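K.L.:
Below you will find the structure I want to go over with you.
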Ligand SMILES: [Zn+2]
Ligand SMILES: [Zn+2]
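In my numbering, the protein residues as written are 36 to 362.
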């Protein structure tokens, strides 16, 4: 098998030939056909997340077909299409797992971070954390659903039910959740880098009621805001944009430092919270809603061996929608 491997953070990925991995008990071998490129991959590659497994094969929006079953795997057959998300495994017995909060498990495994992921022709996954994917999305179109969609959905749910929703950072997650929000009759206010007219036009094309720079004031106070961009300065900006009782949800795994801000913009029961990882319940819920909502993912395709170029384009903000590697 071939894989794009990160030997050390800060270095480019290297195409490597490896022996075919064998699925252990409870695992499946998956022949990868598409793998989304997520901002979290950038954080891994750039060394912004602590203690990755090294060397590591990044990628946690993996779409492929079951090529072999490990001992004891039930309910899956070879040839079936599956998706492998960020949540690779949980312990099942820590206080968080027992409370239905497996996203906060004390000893989790994360695909493409602490276990090898999908920037490869093949990968192995714990079958219990893989999902069937909705028909109507081809492999590349389905890939961004697996993190941008799933963790975006968790962030979206945390934002509550208010009609006026702000989204800061209009990348892969935002372009998916904006469509769900519009479908649900909400008014989406999309914030991009100042002057990024292309991203603002993209947001409007997906139904955003308003799109502007993150330094601008939206035309109405927001009930809630989700921040997908890894920029701490957006937290006080979003707090200023939400109304009394409003909530600011930070949807990313990493963010630059949040500058100090006056208590007055938090007062009146405004809240700031983060979202970490996903639960399998989130995944089942979102993968059922995605086809109902009629959302379409906008993907930019790169062959597997051009993973470094895909990461560079994501880093520089050149992408519209989601980058997807194809095998
Ligand atoms: Zn646990
Ligand atoms: Zn991700």
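Even glycine gets a Cβ: it sits at the ideal position worked out from N, Cα and C. Since the structure is predicted, the reported quantities are computational estimates derived from the model, not experimental observations.
Give every residue of the same chain whose Cβ lies closer than 7 Å to the Cβ of residue 140, excluding the five residues on either side of it in the sequence, and list them in chain order.
P.N.:
Once the five neighbours on either side are set aside, the close Cβ partners of residue 140 are 125, 126, 129, 131 and 132.
K.L.:
State the Cα-Cα distance for the pair residue 302 and residue 209, rounded to the nearest angstrom.
P.N.:
Going from the Cα of residue 302 to the Cα of residue 209 covers about 27 Å.
K.L.:
According to DSSP, simplified to helix, strand and coil, what is residue 202?
P.N.:
Residue 202 falls in the strand class under three-state DSSP.
K.L.:
According to DSSP, is residue 137 helix, strand or coil?
P.N.:
DSSP places residue 137 in helix when its eight states are reduced to three.
K.L.:
Which residue's Cα is closest to the Cα of residue 37: 93, 62, 60 and 300?
P.N.:
Taking only the C-alpha atoms, the option nearest residue 37 is 93.
K.L.:
Check whether the Cβ atoms of residue 288 and residue 75 sit closer than 8 Å, and answer yes or no.
P.N.:
Against a cut-off of 8 Å, the Cβ pair of residue 75 and residue 288 comes out as a contact.
K.L.:
Under the rule that 16 or more other beta-carbon atoms within 10 Å means buried, what is residue 146, buried or exposed?
P.N.:
With 16 or more other Cβ atoms within 10 Å, it is buried.
K.L.:
Should residue 154 and residue 48 be called a contact, given that it needs their Cβ atoms to be closer than 8 Å?
P.N.:
Yes, these two residues count as a Cβ contact at 8 Å.
K.L.:
Can we count residue 317 as close to ligand 1, meaning its CB is less than 7 Å from some heavy atom?
P.N.:
No - ligand 1 has no heavy atom lying nearer than 7 Å to the Cβ of residue 317.
K.L.:
Do residue 293 and residue 277 have their C-beta atoms within less than 8 Å of each other?
P.N.:
Their beta carbons are not under 8 Å apart, which means residue 293 does not touch residue 277 by this criterion.
K.L.:
What beta strand (DSSP E) runs, 3 residues minimum, are completely inside the stretch 109 to 188?
P.N.:
Correct list: 116 to 119, 122 to 124 and 157 to 161.
K.L.:
Under DSSP, the alpha helix (DSSP H) around residue 276 begins and ends at which residues?
P.N.:
Here the alpha helix (DSSP H) through residue 276 covers 269 to 276.
K.L.:
For residue 9, collect the residues of the same chain with a Cβ closer than 6 Å to its Cβ; drop the 5 residues on either side in sequence, then sort them by chain order.
P.N.:
Absent from the structure is residue 9, since the part of the chain shown begins at 36 and ends at 362.
K.L.:
Touch check for the stretch 204 to 221 and the stretch 158 to 177: three-plus C-beta pairs under 8 Å?
P.N.:
Because the criterion of three Cβ pairs below 8 Å is not met, the stretch 204 to 221 and the stretch 158 to 177 do not touch.
K.L.:
Any idea which residues DSSP pairs residue 39 with across the strands?
P.N.:
Bridge partners of residue 39: 50.
K.L.:
Could you give the uninterrupted runs of the beta strand (DSSP E) lying entirely in the stretch 246 to 317, keeping only those of 3 residues or more?
P.N.:
List check, beta strand (DSSP E) in window: 257 to 262, 277 to 285 and 306 to 309.
K.L.:
Going straight from the alpha carbon of residue 224 to that of residue 100, what length do you get?
P.N.:
Approximately 38 Å, taken between the alpha carbons.
K.L.:
For a test of your reading of the model: does the CB of residue 121 fall under 7 Å from any non-hydrogen atom of ligand 2? Yes or no.
P.N.:
Residue 121 Cβ: within cutoff of ligand 2.
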